[in-house]
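By my numbering, the letter at position 141 of the sequence shown is numbered 141, and the numbering carries on one by one without gaps. Since the structure comes first, as structure tokens, the remarks are kept for the end.
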Amino acid sequence: MDRSEEENVNLDLKKIRPIVKNALREDIGRGDITTGLLVPETKKMKAKIVVREPGIVAGIGVAEEVFKAVESLTIGKGRKGRGIEFKKIVEDGDQVKRGETLAEVRGGAQVVLTGERTALNFLQHLSGIATLTRKYTEAVKSTSPRGKAKIYDTRKTLPGLRYLEKYAVSCGGGYNHRMGLYDMVLIKDNHWWIAGARTREKVPGGWNLEEIREKIPKGMKVEVEVDSLRQLKRVLDMDVDIIMLDNMKLPILKKAVRMVKMARDRKGTKSPAIEVSGKINLKSIKQIAHLGVDRISVGEITHSARALDISLDIVA
């Protein structure tokens with residue numbers, strides 16, 4: 001599978017439906033006991049989904065799929081008042097203010113109440129990721145004119161939710177790193193160790209990038225992670241697409257960036273691209289972006305994003 005570094009996840013309903021159904025099965029189980037006891041089958045209702053704080057929206061389409069999926073599960077089969085109308089007021093990627101209505105839901109009250117928590121869980125979590133991602137992209141832009149660095153996500157995602165979390169990153173203006181272990185060659189520190197470079201300061205004799213290129217699909221990228229200047233020197237003349245400078249302190253990082261740029265100038269190419277990773281935060285990212293690097297991968301945007309405060313309010 002060929003993937004360019006600019007290719008981001010788009011919301012594919014065929015891919016999200018199994019995720020949504022698994023989440024609903026987890027929550028509903030044998031049925032929503034409370035709603036079944038207290039809410040008549042024929043009861044209709046109208047509700048609005050409201051955001052309680054500023055942020056970037058992601059997951060509106062997922063929330064809609066939740067309510068539709070409730071109807072197809074046991075809780076909705078053979079019951080009256082099932083029809084659901086979902087009206088989007090905003091789109092994914094939109095910036096919203098506190099108190100704005102994101103969507104309206106109308107239909108069977110049992111369906112709406114049963115799907116409420118799952119829909120909000122997706123919407124809050126994904127919007128939180130998009131919101132934090134936007135903070136990082138804006139921080140990088142403020143380093144202009146050298147603010148060309150793009151914010152990338154990582155594989156530090158919740159099991160089973162990577163596809164949706166990477167989609168949320170794109171809604172926030174970020175870019176998707178490799179989707180998994182299968183779509184990019186990324187030689188990391190433990191690969192150095194296992195391959196025989198126990199000091200991680202030399203390239204293992206078993207590495208032959210020409211052979212690696214022959215065994216992978218055309219266009220698939222090869223990236224190598226380094227964490228020292230000595231290690232970097234060993235990689236500079238290798239045929240790699242990206243060099244990841246990992247967990248380097250700023251003075252060392254500055255030298256490393258200069259070394260890569262000098263190597264590119266000698267070869268007369270823009271390759272390898274320079275990626276920085278490791279302990280990135282909103283305080284440090286401006287200094288890093290100002291160095292003129294190409295990519296900054298930030299684990300925090302998926303593994304530590306705070307959920308956006310969103311609720312469902314009944315209006316009729």
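A virtual CB, placed ideally from N, CA and C, is assigned to each residue, including glycine.
Residue 187 sits away from residue 298, with the two beta carbons spaced by 7 Å or more. Using a Cβ distance threshold of 7 Å, residue 313 and residue 53 do not count as a contacting pair. Between residue 296 and residue 149, the gap from beta carbon to beta carbon is short of 7 Å. For residue 68, the enclosing alpha helix (DSSP H) covers residues 60-72.
Scanning its chain for C-beta atoms nearer than 8 Å, with the 5 sequence neighbours on each side dropped, one finds around residue 300 the residues 132, 280 and 281, in chain order.
In terms of Cβ geometry, residue 20 and residue 66 form a close pair [threshold 7 Å]. Excluding residues up to 5 positions away in sequence, 209 lie with their Cβ nearer than 6 Å to the Cβ of residue 239 in the same chain. Between residue 139 and residue 286 the beta-carbon gap is near 6 Å, inside 8 Å, which marks them as a contact. If you ignore the 5 residues before and after residue 216, its C-beta comes within less than 7 Å of the C-beta of 185, all in its own chain and listed in chain order.
Excluding residues up to 5 positions away in sequence, 223, 272, 273 and 275 lie with their Cβ nearer than 6 Å to the Cβ of residue 242 in the same chain. Looking at the backbone, the Cα of residue 18 and that of residue 283 are separated by about 38 Å. Excluding residues up to 5 positions away in sequence, 110, 113 and 114 lie with their Cβ nearer than 7 Å to the Cβ of residue 35 in the same chain. When only Cα atoms are considered, residue 263 and residue 257 end up about 10 Å apart. DSSP places residue 175 within a strand segment (E or B) once states are collapsed to three. Where residue 107 is concerned, the enclosing beta strand (DSSP E) starts and stops at 101-108. DSSP, reduced to helix, strand and coil, places residue 184 outside both helices and strands of the structure shown, so it counts as coil. For residue 295, the enclosing beta strand (DSSP E) has its first and last residue at 295-297.
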